[in-house]
Ligand code: NAD
Ligand code: UDP
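Residue numbers (this note's numbering): 7 to 315.
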């Protein structure tokens, strides 16, 4: 039985990945300090004998006394609201946390995967974004703490590959949504669904003309798993290339929720990217992966989960 250690293993993506891997027959160790998650995310797996939880801040060193075959470094605040409230923790987990996680992977001779992000492209000047684009990031703006931490994490991961010959994977994850997102984590999808289900005003920032491309969680996990098993050591975009304006997303969620909510317009946050859409040619050709769940289907499942949880 192969063992996978997931930092951030009780978060939104980490807990879905943990469940998926347990079902595939892996042993899973989740390392998490519950900075932006809670135990309810793992209630369906925590009694599984092949699952182990270590409550630990990965920005501090950690020793693991068993074999680890894959180390997935997913710990980091991910919502812009979370990382603007937790700037130092975000920088530390991207820098020190990545260093500690790489150290464990090196000691265990484990395959290392970094959960990177479309935010490494910043407010992109190239559209859609291929992996070869270097990005347009403001290092001192409110999003800089996240963007620069992830850019540092990518550089550190590549350095460990070059110097210590670690087998590394870098997943540049684009906006992903689904069940188990925190209702108040501040991201557009949970905000809009929570507001729509309460028939309260849906808050669109700016005029809503900025775009995002939304991937359903099960598609993302399939893509990450293919990358984990691949021999690709370069960054790969994983996301859904169907692009929507945020205003259209808000209207869609109101309609799919059967809500009477109105849309209200609020100030656009500083440095909010105007566009974001992955070029997934690399994932399609090298991993033979592409998303299969459309936004309407994914939103319907997510709305149902928010309604009943
Ligand atoms: P999340 O906030 O739900 O999960 C992050 C997890 O990391 C939480 O369980 C949190 O408690 C944990 N964590 C944070 N700092 C920690 C530390 N120092 N030590 C141990 N655990 C710590 O976010 P998510 O959406 O599941 O994102 C997971 C990863 O994927 C993040 O690295 C994020 O940057 C990346 N990502 C997510 C998206 C997305 O759309 N969800 C997009 C791009 C990248
Ligand atoms: N957004 C919005 N209303 C909200 C929350 C977010 O209009 O209540 C906008 C936000 O300004 C951004 C987009 O929705 O343009 C996506 O935001 P999210 O926080 O989900 O992720 P981001 O892609 O910005 O990291």
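For each residue, glycine too, the CB sits at the ideal point set by N, CA and C. Small disclaimer: the values here were computed from a predicted structure and weren't measured.
- For residue 64, the closest alpha carbon among the candidates 91, 12, 71 and 74 is that of 12.
- Relative to the Cα of residue 103, the nearest Cα in the group 114, 83, 87 and 90 belongs to 83.
- With contacts defined by Cβ atoms closer than 8 Å, residue 88 and residue 192 form a contacting pair.
- With contacts defined by Cβ atoms closer than 8 Å, residue 76 and residue 119 form a contacting pair.
- According to the DSSP assignment, residue 70 belongs to no alpha helix (DSSP H), since it is labelled neither H nor E.
- For residue 78, the enclosing beta strand (DSSP E) starts and ends at 76-79.
- In the structure shown, residue 287 adopts helical secondary structure according to DSSP, grouped into three states.
- By the neighbour-count criterion, in which 16 or more other beta carbons inside 10 Å mark a residue as buried, residue 180 falls on the buried side.
- Measuring C-alpha to C-alpha distances from residue 93 to each of 46, 66 and 155 identifies 155 as the nearest.
- At least one heavy atom of the ligand NAD sits closer than 7 Å to the Cβ of residue 82.
- Taken atom to atom, the span from the alpha-carbon of residue 269 to that of residue 142 is near 30 Å.
- Residue 8 carries a coil assignment under DSSP once its states are collapsed to helix, strand and coil.
- Across the set 289, 113, 301 and 297, the C-alpha of 289 shows the shortest separation from the C-alpha of residue 136.
- Per DSSP, the beta bridge partners of residue 119 are 78 and 175.
- Residue 30 and residue 24 have their C-alpha atoms spaced approximately 10 Å apart.
- Uninterrupted alpha helix (DSSP H) stretches at least 4 residues long and entirely within the stretch 189-239 occur at 194-203 and 223-235, given in chain order.
- If you keep only unbroken beta strand (DSSP E) runs of at least 3 residues inside the stretch 249-290, you get 249-251 and 269-272.
- Sequence-distant partners of residue 207 (beyond 5 residues in either direction) whose C-beta falls short of 8 Å from its own C-beta, in its chain, are 201, 267, 268, 269 and 270.
- The residues 9, 11, 114 and 116, in chain order, have a CB closer than 6 Å to that of residue 74 in the same chain once the five nearest residues on each side in sequence are set aside.
- Inter-segment contact for the stretch 157-171 and the stretch 183-190 is absent: fewer than three beta-carbon pairs are separated by less than 8 Å.
- Distance from the C-beta of residue 60 to the nearest heavy atom of the ligand NAD is not below 7 Å.
- Set against 7 Å, the gap from the CB of residue 121 to the closest heavy atom of the ligand NAD is smaller.
- In this structure, residue 255 keeps its C-beta atom at 8 Å or more from the C-beta atom of residue 244.
- Residue side-chain check: residue 236 keeps its Cβ at 7 Å or more from all non-hydrogen atoms of the ligand NAD.
- In this structure, residue 177 sits away from residue 253, with a CB-CB distance that is not shorter than 8 Å.
- Taking C-alpha positions only, residue 95 is separated from residue 152 by approximately 10 Å.
- DSSP assignment within the stretch 92-154 yields the following whole beta strand (DSSP E) runs of 3 residues or more, N-terminal first: 117-123.
- About 5 Å separates the Cβ atoms of residue 21 and residue 48, confirming a contact at the 8 Å cut-off.
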